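Below is one structure; the comments refer to it alone.
Chains as they are written, first to last, in my numbering: chain A, 40 to 155; chain B, 2 to 114.
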């Protein structure tokens, strides 16, 4: 089955700096790669996602890149702010499910701390 | 976006008792829902895929007789933790997907004394 590795486990940056989180996946048939932000005790919130037919996607300060050949994808946050501090998870949707009902496999998570 | 609810938001029970958690899709029909468990400072671990009208598919290592899943309608899936023990204390989250994006419920904090 699908396996997702995420690095780093913790990341500390100064306000205004950029943050990059990287993930690798194992199933070359995976076709959907979302990123979630989770605050303590709350549900994961989707911040950006990318499908396998796209190499890069950007939404204001957040961007995701996908390299299908290398089977890795990355989250880029620019101009970080203290409110960006949270745990971030990458995920990959394996090919086992059909259409939009395939299961998500999560990376281990990255705790991002943005220092004012 | 689509809305997924869970009930209860938290529950405390005694060891050996059973606890039922409900997951509802409020504004869409979900033939498939997913149940995750999250221990403190860890990732979301997929427990099972809940299929409307058929048996759930459990991930390797998850005891199907301990974590009973029922998906009796297109908007409701339930997870029953049977004979709960302290090691079952965790944050249980469900999700469902009306299209590409998956929407998560708010989670249920289970504490077993």
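In this text, a Cβ means the ideal position worked out from N, Cα and C, and glycines have one as well. Given the structure is predicted, the values throughout are model-derived calculations rather than measurements.
Exercise. Can a CB atom of chain B be found closer than 9 Å to the CB of residue 64 (chain A)?
Worked result: In the first chain, the residue the question calls residue 64 (chain A) occupies position 25. So, not an interface residue.
Problem set entry | Residues in the region 115-149 of chain A having any Cβ partner in chain B nearer than 7 Å | 128, 139, 140, 142, 143, 144, 145, 146, 147 and 148
Exercise. Excluding five sequence neighbours on each side, which residues of the same chain lie with their C-beta closer than 6 Å to the C-beta of residue 44 (chain A)?
Worked result: Within the first chain, numbered from 1, the residue matching residue 44 (chain A) stands at position 5. Taken in chain order, the residues that qualify are 63.
Exercise. Would you call the region 95-109 of chain A and the region 22-33 of chain B in contact, with 3 or more CB pairs under 8 Å?
Worked result: no
Problem set entry | Segment contact, 8 Å Cβ cut-off, at least three pairs: the region 40-55 of chain A with the region 78-86 of chain A | no
Exercise. Is DSSP giving residue 122 (chain A) helix, strand or coil here?
Worked result: As a working mapping, residue 122 (chain A) is identified with position 83 in the first chain. Three-state DSSP puts residue 122 (chain A) in a helix.
Exercise. Among B:63, B:44, B:99 and B:43, which residue has its Cα nearest to the Cα of residue 75 (chain B)?
Worked result: As a working note, residue 75 (chain B) is residue 74 in the second chain. Cα-wise, what sits closest to residue 75 (chain B) is B:99.
For this session: For the beta strand (DSSP E) holding residue 153 (chain A), just list the boundary residues, first then last.
Result: Within the first chain, the letter at position 114 stands for residue 153 (chain A). For residue 153 (chain A), the uninterrupted beta strand (DSSP E) run begins and ends at 149-154, by DSSP.
Problem set entry | Coarse secondary structure for residue 73 (chain A), derived from DSSP in three states | Start at 1 with the first residue of the first chain, and residue 73 (chain A) comes out as number 34. If DSSP states are grouped into helix, strand and coil, residue 73 (chain A) belongs with the strands.
Exercise. Would you say residue 151 (chain A) and residue 116 (chain A) are within 9 Å of each other, going by their C-beta atoms?
Worked result: Mapped onto the first chain, residue 151 (chain A) falls at position 112. Mapped onto the first chain, residue 116 (chain A) falls at position 77. Yes, these two residues count as a Cβ contact at 9 Å.
Exercise. If you compare alpha carbons, which of A:154, A:153, A:124 and A:148 is closest to residue 43 (chain B)?
Worked result: In the second chain, the residue the question calls residue 43 (chain B) occupies position 42. Ranking the options by Cα distance to residue 43 (chain B), first place goes to A:148.
For this session: Can you give me, in chain order, the residues of the region 70-102 of chain A that have a beta carbon less than 9 Å from any beta carbon in chain B?
Result: 71, 73, 75, 77, 80, 81, 82, 83, 84, 85, 88 and 90
Problem set entry | Range of the contiguous beta strand (DSSP E) that encloses residue 88 (chain A) | As a working mapping, residue 88 (chain A) is identified with position 49 in the first chain. Taken as a continuous stretch (DSSP letters only), the beta strand (DSSP E) holding residue 88 (chain A) covers 84-90.
Problem set entry | Neighbour list for residue 103 (chain B) in chain A, Cβ cutoff strictly below 7 Å | On the second chain, position 102 is the one that residue 103 (chain B) refers to. Per Cβ cutoff of 7 Å: 143.
For this session: Output, in chain order, the set of chain A residues within a Cβ distance shorter than 7 Å of residue 44 (chain B).
Result: On the second chain, residue 44 (chain B) is found 43 positions in, with the first residue counted as 1. Simply 128, 145, 146, 147 and 148.
For this session: Taking only beta-carbon positions, decide if residue 111 (chain B) is within less than 9 Å of chain A.
Result: One-based indexing of the second chain puts residue 111 (chain B) at position 110. So no, residue 111 (chain B) is outside the interface.
For this session: Check each residue of the region 41-69 of chain B: if its Cβ is closer than 7 Å to any Cβ of chain A, include it; give the result in chain order.
Result: 44, 45, 47 and 50
For this session: Have a look at residue 60 (chain A) and residue 62 (chain B) and give me their C-alpha separation to the nearest angstrom.
Result: As a working note, residue 60 (chain A) is residue 21 in the first chain. As a working note, residue 62 (chain B) is residue 61 in the second chain. Cα to Cα, the separation comes out at about 29 Å.
Problem set entry | Simplified DSSP assignment, three categories, for residue 88 (chain B) | In the second chain, residue 88 (chain B) corresponds to position 87, counting from 1. If DSSP states are grouped into helix, strand and coil, residue 88 (chain B) belongs with the helices.
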